[in-house]
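Asks: Sharing a structure with you now.
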């Protein structure tokens with residue numbers, strides 16, 4: 549035990565220490581420490597869940613936007629583009645490096 553623990557014990561119980569009082573004090577101190585640690589972990593987990601929820605919502609919006617863009621591109625390729633020309637195959641086009 550640290551020196552401050554002994555000072556606290558002396559302040560609480562005086563001398564001589566009663567074993568039962570000492571055990572109760574130590575148990576209460578340990579229980580409080582565990583409760584504090586659990587509260588800290590719960591707060592951290594709550595923040596983590598909120599951050600993940602926001603990330604998930606943002607990613608879902610991006611997925612929805614990408615799906616809409618893909619549908620638009622698919623419709624444009626089926627119609628032949630915006631210029632009204634007939635649909636053409638990419639196999640007929642010459643790559644730009646030729």
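Numbering (my numbering), first residue to last: 549 to 646.
For every residue, glycine included, the Cβ atom is placed at its ideal position computed from N, Cα and C.
Note that the coordinates shown come from a computational prediction; the quantities given were computed from them, not determined experimentally.
(1) Grouping DSSP H, G and I as helix and E and B as strand, with all else coil, what is residue 637?
(2) So, for residue 558: in the same chain, excluding its five sequence neighbours on each side, which residues have a beta-carbon less than 7 Å away from its beta-carbon?
(3) Using three-state DSSP, classify residue 583 as helix, strand or coil.
Replies: Result, derived from the coordinates:
(1) coil
(2) none
(3) helix
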